[in-house]
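Structure, as structure tokens:
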Amino acid sequence: MKERIILGIDPGTTIMGFGLIKVVGKTMQFVQLNELDLKKYSDHYLKLKLIFERTIELIDTHNPDEIAIEAPFFGKNVQSMLKLGRAQGVAMAAGLSREIPITEYLPKKIKMAITGNGNASKEQVASMLKSLLNLKTLPKNLDATDGLAAAVCHFYNSGKVVGGKNYTGWASFVKQHPNKIK
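According to numbering that gives the first Met the number 0, the sequence shown is numbered sequentially starting from 0.
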């Protein structure tokens, strides 16, 4: 029976949440749930470096076969959107540097996959994950469960044509975004 590991990431410059699941056949098993707390750092570039390093460390420790990442949603604050996009970008770059396929999911799609409601609260998503994966406790910050939710969403969408964007390496990214090349 083929096993695979999925790393889910909820990127952020204050807290990056992540979760890992192991898929054996058609069942998923909880592996890890945690977060990288970046609140104590004021230098944005240092935060990006730490996000990159932590993602590489997770990849080298757990050898995920795939990465699912929450896509930034469009908010009213352009500056926070830019920071979030950068955080997501460095996490993606870490995965791409190790040749790991990455799929982005919109927050609504993740919530829909976990709870059946695209407008579910963080608490509802966390509660459903607790039930689905038989977790004993939940972390006090729910960014970690958001990362885990991305991994579980990817598990549910595996083998289906998804609305997310897939990148299997720099070549596929460039092919899908020719306008980004100068």
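Virtual Cβ for every residue (Gly too), placed ideally from N, Cα, C.
Per DSSP, Ala149 forms a beta bridge with which residues? Taking the first residue of the sequence shown as position 1, residue 149 is located at position 150. Its beta-bridge partners do not exist; DSSP assigns none.
Restricting to Cα atoms, I'd like to know which of Lys39, Gly18, Lys46 and Glu2 is closest to Lys25. For the purposes of this step, residue 25 is identified with residue 26 of the sequence shown, where counting begins at 1. It is Glu2 whose Cα lies nearest to the Cα of Lys25.
Local Cβ density within 10 Å of Val124, reported as buried at 16 or more and exposed below that: Counting from 1 along the sequence shown, the entry for residue 124 is found at position 125. Answer is buried; the Cβ neighbour count reaches 16.
Is it the case that the Cβ atoms of Ala143 and Gly18 are separated by a distance below 9 Å? The count along the sequence shown starts at 1 and reaches residue 143 at position 144. The count along the sequence shown starts at 1 and reaches residue 18 at position 19. Yes, they are a contact pair.
Assuming Leu147 and Gly7 are in contact, meaning their beta carbons sit under 8 Å apart, how far apart are those beta carbons, in whole angstroms? Numbered from 1 along the sequence shown, position 148 holds the residue referred to as residue 147. Numbered from 1 along the sequence shown, position 8 holds the residue referred to as residue 7. Indeed, because the Cβ distance is near 6 Å, the residues count as touching under 8 Å.
Distance between beta carbons of Pro63 and Ile99, contact taken as under 8 Å: Counted from its first residue, the sequence shown places residue 99 at position 100. Counted from its first residue, the sequence shown places residue 63 at position 64. Indeed they touch by this definition, with Cβ atoms about 6 Å apart.
Could you work out which residue in Lys75, Ile20 and Leu49 is closest to Lys129 when comparing CA atoms only? Taking the sequence shown and counting its residues from 1, the one referred to as residue 129 is at position 130. Answer by Cα proximity: Ile20.
Look up Gly162 in the DSSP assignment and say whether it is helix, strand or coil. Translated into the one-based positions of the sequence shown, residue 162 becomes position 163. Low confidence applies here, because Gly162 scores a pLDDT of 44, under 50, leaving its location unreliable; read the following figure in that light. The three-state reading of DSSP puts Gly162 in coil, since its state is none of H, G, I, E or B.
Could you tell me the boundaries of the beta strand (DSSP E) in which Lys48 lies? Taking the first residue of the sequence shown as 1, we reach residue 48 at position 49. Counting along the chain, Lys48 falls outside any beta strand (DSSP E), though it belongs to the alpha helix (DSSP H) covering His43 to His61.
Hey, would you say Ala70 sits closer than 9 Å to Pro106, going by beta carbons? For the purposes of this step, residue 70 is taken as residue 71 along the sequence shown, with counting starting at 1. For the purposes of this step, residue 106 is taken as residue 107 along the sequence shown, with counting starting at 1. Result yes, Cβ atoms of Ala70 and Pro106 sit closer than 9 Å.
Roughly how many angstroms separate the alpha carbons of Ala92 and Ser126, rounded to a whole number? Here residue 92 corresponds to residue number 93 of the sequence shown, with the count starting at 1. Here residue 126 corresponds to residue number 127 of the sequence shown, with the count starting at 1. Rounded to whole angstroms, Ala92 to Ser126 spans 31 Å at the Cα level.
Comparing C-alpha positions only, which one of Leu81, Asp145 and Asn156 sits nearest to Leu35? Walking along the sequence shown from the start, residue 35 turns up at place 36. Here the closest residue by C-alpha is Asp145.
On a Cα-Cα basis, can you pick out the residue from Ile5, Ile4 and Asp9 that is closest to Leu83? Looking up residue 83 in the sequence shown gives position 84. Measuring from the Cα of Leu83, the nearest candidate turns out to be Asp9.
Quick check: what's the CA-CA separation for Val160 versus Met27? Here residue 160 refers to the residue found at position 161 of the sequence shown. Here residue 27 refers to the residue found at position 28 of the sequence shown. At Val160 the pLDDT is 43, less than 50, meaning the model places this residue with poor confidence and gives no usable figure here.
Just verifying my parser: in three-state terms, what is the DSSP assignment at Ile99? For the purposes of this step, residue 99 is taken as residue 100 along the sequence shown, with counting starting at 1. In this structure, Ile99 counts as coil in the three-state DSSP scheme.
I need the straight-line Cα distance from Ile58 to Arg97, nearest angstrom please. By 1-based counting over the sequence shown, the position of residue 58 is 59. By 1-based counting over the sequence shown, the position of residue 97 is 98. When rounded, the distance between both Cα atoms is 8 Å.
Would you kindly work out how many angstroms separate the C-alpha atoms of Lys110 and Leu32, rounded to a whole number? Position 111 of the sequence shown, counted from the start, is the residue given in the question as residue 110. Position 33 of the sequence shown, counted from the start, is the residue given in the question as residue 32. Approximately 17 Å, taken between the alpha carbons.
Should Val23 be labelled buried (16 or more other beta-carbon atoms within 10 Å of its own) or exposed? Within the sequence shown, residue 23 is the residue found at index 24, counting from 1. Looking at its Cβ environment, which holds fewer than 16 other Cβ atoms inside 10 Å, Val23 is exposed.
If you compare alpha carbons, which of Gly16, Phe72 and Gly74 is closest to Arg53? For this step, residue 53 is matched to residue 54 along the sequence shown. Residue Gly16 is the option with its Cα nearest to Arg53.
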